[in-house]
Amino acid sequence: MKPIDDVDKKILRILQRNSRTPISQISKEVSMSQPSVKERIVKLEENYVISGYTITLNLREMERGTNAFILLKTELCRQLEAFCEQAPEVSDLVRISGEYNYLIKLQVPSVKELAEFQDAIMKFGPSKSHIGTKNIIENRVIL
Numbered sequence: 001m002k003p004i005d006d007v008d009k010k011i012l013r014i015l016q017r018n019s020r021t022p023i024s025q026i027s028k029e030v031s032m033s034q035p036s037v038k039e040r041i042v043k044l045e046e047n048y049v050i051s052g053y054t055i056t057l058n059l060r061e062m063e064r065g066t067n068a069f070i071l072l073k074t075e076l077c078r079q080l081e082a083f084c085e086q087a088p089e090v091s092d093l094v095r096i097s098g099e100y101n102y103l104i105k106l107q108v109p110s111v112k113e114l115a116e117f118q119d120a121i122m123k124f125g126p127s128k129s130h131i132g133t134k135n136i137i138e139n140r141v142i143l
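The opening residue of the sequence shown carries number 1 in the UniProt record's numbering; numbering runs sequentially from there.
Here it is in structure tokens:
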């Protein structure tokens with residue numbers, strides 16, 4: 001695999017902002033022909049730099065506008081992972097180092113549903129919850 005160059009990075013930034021950007025528009029923004037841009041995108045897909053295309057949801061409109069983060073300490077790792085796989089409000093589950101060994105990110109309609117989730121995970125061990133009050137940086141393009 002050849003290294004990603006500056007043109008590839010520009011293409012990736014454009015696609016991260018809007019994965020439905022037409023190749024004609026991308027070619028204008030990177031000053032390349034459409035076939036060249038298409039070829040680069042195909043190579044990025046073949047090399048798994050681009051692993052898929054997705055959409056961004058407006059969670060408030062879907063009644064999932066409250067972000068919550070739970071730090072959890074458990075020895076019941078497999079059971080917690082299985083529980084979180086089945087919980088629709090869990091958007092991310094991350095194994096972390098430190099006093100707590102999991103960070104759970106939730107998207108819930110309100111604090112009431114957060115409290116219900118907390119009650120359900122008490123069996124796994126001690127936890128601390130944090131409610132997101134404002135997203136400062138969200139879905140940042142990291143190239």
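Cβ atoms here follow ideal geometry from the backbone N, Cα and C, with glycine treated the same way.
No experiment lies behind these values; they were computed from the predicted model shown.
Kindly identify the DSSP beta-bridge partner or partners of N67.
-> Along the sequence shown, one-based indexing puts residue 67 at 67. According to DSSP, residue pairing for N67 in a beta bridge involves Q107.
Candidates T133, F124, S127 and M122: closest to Q107 by CA position | Locating residue 107 in the sequence shown gives position 107, counting from the first residue. Comparing Cα-Cα distances from Q107 to each of T133, F124, S127 and M122, the minimum goes to T133.
Spell out the partners DSSP gives K128 in its beta bridges.
-> Position 128 of the sequence shown, counting from 1, holds the residue named residue 128. For K128, the pairing in a beta bridge is given by DSSP as L71.
Quick one: residues in its chain with C-beta nearer than 7 Å to the C-beta of I26, no 5 flanking neighbours on either side, listed in chain order?
-> Mapped onto the sequence shown, residue 26 falls at position 26. Hits under 7 Å: I11, I14 and V37.
For the 8 Å Cβ check, are there 3 or more pairs between the segment 64-71 and the segment 96-103?
-> For the pair of segments examined, the segment 64-71 was found to touch the segment 96-103: the number of CB pairs separated by less than 8 Å reaches three.
Delimiting residues of the alpha helix (DSSP H) encompassing R95 | Residue mapping note: residue 95 aligns to position 95 of the sequence shown, counting from 1. Looking at the DSSP string, R95 is not in any alpha helix (DSSP H); the run it does join, the beta strand (DSSP E), is V90 to R95.
Who are the near neighbours of D92 in its chain, counting only those whose CB is closer than 6 Å to its CB and skipping five residues on each side?
-> As a first step, residue 92 must be located in the sequence shown, where it is residue number 92. Excluding residues within five positions, the ones whose Cβ falls inside 6 Å are K105.
Are the Cβ atoms of T66 and S110 separated by less than 7 Å?
-> On the sequence shown, position 66 is the one that residue 66 refers to. On the sequence shown, position 110 is the one that residue 110 refers to. Result yes, Cβ atoms of T66 and S110 sit closer than 7 Å.
Exposed or buried, C77, counting other C-beta atoms within 10 Å across all chains shown (16 or more means buried)?
-> Locating residue 77 in the sequence shown gives position 77, where the first residue counts as 1. Exposed is the call here.
Boundaries (first-last residue) of the alpha helix (DSSP H) holding E138 = Locating residue 138 in the sequence shown gives position 138, where the first residue counts as 1. Note, E138: premise wrong, no alpha helix (DSSP H); not H, not E.
What span of residues does the alpha helix (DSSP H) with V49 cover, start to end?
-> The sequence position of residue 49 within the sequence shown is 49, counting from 1. Unbroken run through V49: none, as it is neither H nor E.
Excluding the 5 residues preceding and the 5 following I23 in the sequence, name in chain order all residues of the same chain whose CB lies nearer than 7 Å to its CB.
-> Sequence index remark: in the sequence shown, residue 23 carries index 23 (1-based). The residues Q34, V37 and K38, in chain order, have a CB closer than 7 Å to that of I23 in the same chain once the five nearest residues on each side in sequence are set aside.
What is the residue span of the alpha helix (DSSP H) that D8 lies within?
-> For this step, residue 8 is matched to residue 8 along the sequence shown. Counting along the chain, the alpha helix (DSSP H) containing D8 begins and ends at D6 to R17.
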